[in-house]
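Let me begin by presenting the structure, written as structure tokens, before commenting on it.
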Amino acid sequence: MKFITALRGKKQKSKNVVIPDIKCFSPKEGDLLAGREPAAIARELVAAGAPVLSVVTEECNFRGSKLLLRQIASLGVPVLRKDFLRTKDEIRETKELGASAVLLMYSCLDDFTLRELYNEAKFVGLDVLVETHTEEELQKAVLLGAELVGVNNRDISILEKDDGTVSLTERLAAMKPEVCFLVSESGIQSPADVRRAIDSGADAALVGTALLKAEDTSAFYRKLCRSVRVKLCGMMSVSNIQACSQADILGFVVDYPVNVPWNISSSMAKKLLCEVPVGCESCIVTGGSPEKVIALAEELNPDYIQLHHNESMEQTKCIVSALSQTGIRVIRSISCSEQKRREQFGTASLNKLSEIFAEMGVAELLVDSRSAENAAASREDTPIRIFQELKKCSPIPVMLAGGITPGNISKVIAESGADRIDVMTGIEKSPGVKSHIAADELFNQIGG
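Residues 18 to 465, numbered by our numbering, are exactly what the sequence shown covers, in order.
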């Protein structure tokens, strides 16, 4: 099967297409194998669902080899060869080694040579990933007629030692024609980065270093491929965290104003936050006065603070303003009750509230059937109608929570259109005790 055919086929089935990049060494990060065999890693990734693979064969800086390409090409999926190729002989050699596609970079080749190598690759039956790093290079790739185009978020001319991010893809993706299959390359560290790239217009993301540095390469690959972001809440122990390690965000209910089974102290939260795995973000769910919330946030320094009590509009604004200086993002819960919204915020209008909170700097909104009034409830219905109404008008992302379980998550996502999900009691054996089996089943249901 052709490389691009495999990618397009995967794209029809899954929003987030991720190409694993097998490389032995990174000039920026150092050794990536930690004693493992790269071919064995590639085999695991194919088993995890990778439709294609990329292999770095450059020897001097990345410690790859032609033998490695031949080994990985035998695994049965189309393979891209990445190297600094400059001659037609190397293109023909790539075909003989079993690759299905080859990388050609505008940053390393003049226009005439790249076109010559491109034509030779097409002649011998190779797909070509034409890599760009600037607007000018992307325009050249389009004029060349390249069907497969890459945006390298980092500068390959300095061996990707810079700190480029997916923001470059976000800037350039709007320029690509509909016929191009666009791949975002390098600087992709997390599922959030993959989603940013795809949401900006990329068709796939190529991930190497972050994938190879993950504790569980296969599990992290499946996580990168999920189009739905999952927050699992109510962490109370290290065993909870271990059971929920596939989550994108782990939530901790800390010093909550109402007596709930999941409440932990700030000292306990500080210990547990140290156990949050790499690639997973943290969220403190709390409420109360701005002074209390701000102090708690500054003490614990999570990725998010979720305001889930009776904070008014002004109190929310005060908290968001203070935390914006620290980089801590704020999630604002929105009541399903019109009366409650009117009492708390001065208006029940979801449209007005979303506009106000967006202008204020709130990172995202949460629709949850669990509120300050029923915070200790064991199970609630999923508020799909309110969620859809808010999501339709909100200029910022909206997360859905309440009554979501492994048994209904697929149906909830299909009916609601949610791409951000929050689950707490739906994976518990009892309040505060997470089930590893239930968590695994939850992710199996959504393809992660």
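All residues carry an ideal CB built from backbone N, CA and C; glycine is no exception.
When the five nearest sequence neighbours on each side are left out, the beta carbons in the same chain lying within less than 7 angstroms of the beta carbon of Leu-407 are those of Ile-351, Leu-367, Ser-371, Leu-382, Val-384 and Val-415, in order along the chain.
Assignment of beta-bridge partners to Thr-149 by DSSP yields Val-168. Listed as beta-bridge partners of Gln-323 by DSSP are Val-302 and Ile-348. For Gly-268, the uninterrupted beta strand (DSSP E) run begins and ends at 266-270, by DSSP. Taken in chain order, the unbroken stretches of alpha helix (DSSP H) that lie wholly in the stretch 204-246 and span 4 residues or more are 208-217, 226-230 and 234-242.
DSSP, read as helix, strand or coil, puts Asp-180 in coil. An exposed status is given to Cys-291, since fewer than 16 other beta-carbon atoms sit within 10 Å of its beta-carbon.
Taking 8 angstroms as the upper bound for CB-CB distance, Pro-400 and Cys-353 are in contact here, some 5 angstroms apart.
When DSSP states are grouped into helix, strand and coil, Val-69 belongs to the coil group. Of Pro-307, Ser-341 and Glu-316, the smallest CA-CA separation from His-326 is found for Pro-307.
The residues Asp-48, Leu-49, Phe-79 and Arg-80, in chain order, have a CB closer than 7 angstroms to that of Phe-42 in the same chain once the five nearest residues on each side in sequence are set aside. For Pro-37, there is no enclosing alpha helix (DSSP H); the residue is part of the beta strand (DSSP E) that begins and ends at 35-39. Under the 8 angstroms Cβ criterion, the stretch 147-157 does not count as touching the stretch 51-61, having fewer than three qualifying pairs. The continuous stretches of beta strand (DSSP E) do not include Arg-80, and DSSP gives it neither H nor E. Taken atom to atom, the span from the alpha-carbon of Leu-161 to that of Ala-221 is near 21 angstroms.
Exposed is the label assigned to Leu-84, since fewer than 16 other Cβ atoms lie within 10 Å of its Cβ. Across the structure, Ile-258 and Ser-299 are spaced so that their CA atoms are roughly 11 angstroms apart. Residue Pro-423 holds the alpha-carbon nearest to the alpha-carbon of Glu-445 among Ile-430, Ala-435, Pro-423 and Glu-432.
According to the DSSP secondary-structure assignment, Arg-98 is paired through a beta bridge with Val-72 and Val-119.
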